[in-house]
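Here's the structure we're looking at; comments come further down.
In structure tokens:
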């Protein structure tokens with residue numbers, strides 16, 4: 167299976183800053199920003215570039231914990247995420263398993279931003 171395959175409009179340039187671009191993700195979640203640190207789960211869901219000028223995505227992600235104290239638990243994340251802000255906030259809209267939260271927020275920190283284009 168090719169996990170990089172994308173259904174798209176021929177000739178359209180898709181990038182993280184192109185309005186209407188949808189990215190589907192299943193990325194590792196680790197204890198620390200270092201990708202070689204201990205994995206604790208997966209971030210599964212999608213990002214949709216939702217602002218006309220391409221500066222913001224709408225985040226819809228399930229953090230599925232597969233290791234450690236919260237193994238088997240999930241956090242459902244949703245919110246608007248401006249690309250170029252180092253610190254961003256999104257809401258935890260629901261949770262399962264070992265989490266008992268009410269009105270929680272998740273704080274995101276930008277570590278690396280690259281501009282990769284996909285064309286077809």
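In this note's numbering, the protein residues as written are 167 to 286. The C-beta atom is built at its ideal place from N, Cα and C for all residues, glycine as well.
Separation of residue j from residue i, as counted between CA atoms
i           : j           : result
residue 256 : residue 176 : 33 Å
residue 220 : residue 186 : 8 Å
residue 201 : residue 180 : 26 Å
Simplified DSSP assignment, three categories, for residue i
i           : result
residue 186 : coil
residue 251 : coil
residue 228 : strand
residue 282 : In this prediction, residue 282 has a pLDDT of 49, which is less than 50 and means its spatial position is unreliable; what the coordinates show is noted afterwards. Three-state result, residue 282: coil.
residue 236 : coil
residue 218 : coil
residue 242 : strand
Among the options, nearest to residue i - alpha-carbon criterion
i           : options            : result
residue 247 : 217, 187, 230, 234 : 217
residue 253 : 186, 265, 273, 234 : 273
Check: residue i C-beta below 7 Å from any heavy atom of the ligand COA
i           : result
residue 186 : The ligand content of the structure shown is nil, which means the ligand COA is not present either.
Sequence-distant residues of its chain with Cβ nearer than 6 Å to residue i (five each side left out)
i           : result
residue 204 : 197
residue 228 : 210, 211, 240, 242
residue 238 : 263
residue 265 : 239
residue 232 : 207
Residue i vs residue j beta-carbon contact at 8 Å
i           : j           : result
residue 211 : residue 236 : no
residue 244 : residue 230 : no
residue 184 : residue 215 : yes
residue 213 : residue 222 : no
residue 249 : residue 189 : no
residue 206 : residue 234 : yes
Chain-order list of residues whose beta-carbon lies under 8 Å from that of residue i (same chain, five-residue window excluded)
i           : result
residue 192 : 169, 208, 209, 210
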